[in-house]
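Those letters in the sequence shown? Residues -24 to -1, 1 to 400, by mature numbering (1 follows the signal peptide of the UniProt record, and there is no 0).
Have a look at the structure below before the remarks.
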Amino acid sequence: MRKSIIWKAVAALGICFSAISLSAQSQSQLFTKPGVIGDSLSQGFFGATVEKKTQDWAYPVLVSKQAGSGVSYNVLKGPYINFEDVLKGNCGIFCIAASVIGGNQSTVSLPTHAGITGADYTTVLKTSGQCEDITATKWTRQWYWATWYWFTYRWVQVADCQAPDKFHRFGLGNSGTQMEIMEKVRPTFLFGTAAANHVLCTALSTSTNCLDEARFKRDIRETMRRMSVIGSIQGGVLFTIPNVTSIAFLEPYQDPQGRANYTGLKAFFRSSVSDPSQVLDAGEVNTITNFLTMLNGEIKAQAVAMGFAVADLKVLFDDLKENGRLINSPSGWSPGYARANWPLPGQPGIFGLDGVHPNQYGHTVFANELIKAIDSKYGFSIPTISEYNAWYYDSLNRNPIDLKKFLTETIFGQFISWVIGIFV
């Protein structure tokens, strides 16, 4: 009887140890080769450029590292400029000129991280580092000898390869589209969200004209269909998109004359509204809210179909907007609650100076939420990142800049406004 009890105990311990070993092995296997499709959030766009130090703190890099793995990517040095470096005097005239032109600091033959600023599920499928749309065609004349004496032409359809934007050119090189790259890489784990720009375009353009439900559903479904047949993908993570009408880029505006279509949300760098196209009115905000509900529902459905984890970043951002996020040091000291804005003196924030993308601390908060979702889905224990350390080493949070004050009080603000205008 006693031997039986002992053997049962040993067997139970064996099961326990096997489960632990299996979990550790599964995490290692799952992150053998992470792959990334995505947009500016994945690439590391920061007020308003992409460069090595901002790429290094983007969420796929952070999460992969915490999981004991890594991703490879083409390292950029622009285009456009890092507002923080310029405004703090760390980037002079020659640095600005080089940054606006942009280029590569280093490249890889086949990046496992293919996320690109400005991308959405449509460009994931269609935009390479060489062609804006690899499916585009045009009609052209093809001359030929109909007979030995008659030289004539016929109309033929050929590829219409127009040069893409610089982020795609520098980020993808000649490796193909984001989708084609994943089909070559054959990742074991996929960071797969490229949905934000399907709705963020409304905030940046203060218009709902860019909303296209049919295109979004068609292209996210086609992306996931093609991912599902790659064969190597064992897991992944998607995330919902926060309320884009609540980002720091937008601020409330009340028309002095009380006109409803001139009242609503305007870009932070505008001092006033001179046309209804410069503001999102109440009706447009409602349209965006409904579209966002549809979009996030589709993301969750695709995550379920693919067997992926899903991080509800909309819930996270809503909580940040309403309650902030407490930053605590190991000793218990706190700089306070981080808010859904860029940092100001005495007030930590999660945004960079463009009011759209996270700063270093914000990316860490983002990465930790993805880690929690992955752990919950797959039963892992991937360690989270110290948010206090991220805040401590975030130069923007430790030494904030009041960009709005700068825009209104210095002549250089006109140049910054011009850059923002290009960005939006």
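A virtual CB, placed ideally from N, CA and C, is assigned to each residue, including glycine.
Inter-residue Cα distance where the pair is residue i and residue j
i	j	result
Q118	V134	10 Å
S(-2)	K348	Confidence at S(-2) is low in this model, with a pLDDT of 48, below 50, so the placement of that residue should be treated as unreliable; the coordinate-derived value is given next. Going from the Cα of S(-2) to the Cα of K348 covers about 15 Å.
Y49	P321	35 Å
V161	R197	20 Å
Y354	L63	44 Å
F143	D109	15 Å
A122	K102	36 Å
S116	F127	Before going on, a small fix: residue 116 reads as Thr here, not Ser. Cα to Cα, T116 sits roughly 16 Å from F127.
L214	V175	16 Å
P232	R246	15 Å
Y369	S85	32 Å
A314	N66	26 Å
L180	A243	8 Å
P140	K276	30 Å
F21	T30	7 Å
P36	T265	27 Å
C137	Y229	42 Å
T93	K9	22 Å
T360	I223	25 Å
L187	V205	29 Å
L38	A73	30 Å
G46	P55	25 Å
T340	R130	58 Å
R374	P311	10 Å
S(-4)	P163	Since pLDDT at S(-4) reaches only 39, below the 50 mark, its modelled position is unreliable, and the value read off the structure follows with that caveat. Near 23 Å, if we compare the C-alpha coordinates of P163 and S(-4).
G68	D61	9 Å
T111	V132	15 Å
N237	V280	40 Å
CB contact flag (residue i, residue j, <9 Å)
i	j	result
G338	L226	no
S104	N150	yes
P324	W367	yes
L6	Q210	yes
G212	A285	yes
G79	T25	no
G44	S18	no
F267	N219	no
M282	G168	yes
V76	T182	no
Q42	I358	yes
F356	I350	yes
T178	T239	no
W309	I377	no
Presumed contact (8 Å Cβ cut-off) between residue i and residue j, rounded CB distance
i	j	result
L296	I326	7 Å
L379	F59	7 Å
T263	T184	5 Å
N364	N272	Residue 364 is actually Tyr in this sequence, not Asn. In fact, because the Cβ distance is near 30 Å, the residues do not count as touching under 8 Å.
I217	A287	That belief does not hold up - the Cβ atoms of I217 and A287 are roughly 11 Å apart, past 8 Å.
G23	L383	With a Cβ gap of about 13 Å, G23 and L383 do not count as contacting.
residue 462	M155	Past the edges of the chain, shown from -24 to 400, lies residue 462, and the structure says nothing about it.
D96	A170	6 Å
T98	R191	6 Å
V261	L241	7 Å
E345	M270	Their Cβ separation, rounded to whole angstroms, is 22 Å, which puts E345 and M270 out of contact at 8 Å.
As assigned by DSSP and simplified to three states, the class of residue i
i	result
K381	helix
P334	strand
S82	strand
V341	helix
K9	coil
L166	strand
F327	strand
I303	strand
S(-2)	Low local confidence applies: a pLDDT of 48 at S(-2) is under 50, so the model's placement there is unreliable, with the coordinate-based value given in what follows. Helix.
T239	coil
K102	helix
V134	strand
T25	strand
W124	coil
G273	helix
E108	coil
A366	helix
residue 401	The requested residue 401 is not part of the displayed model; the chain covers only -24 to 400.
K193	helix
A287	strand
L372	helix
P140	coil
Below 8 Å, how does it come out for the region 70 to 89 and the region 12 to 26: are there three or more Cβ pairs, yes or no? yes
Does the region 184 to 200 come close enough to the region 288 to 306 to have 3 or more Cβ pairs within less than 8 Å? no
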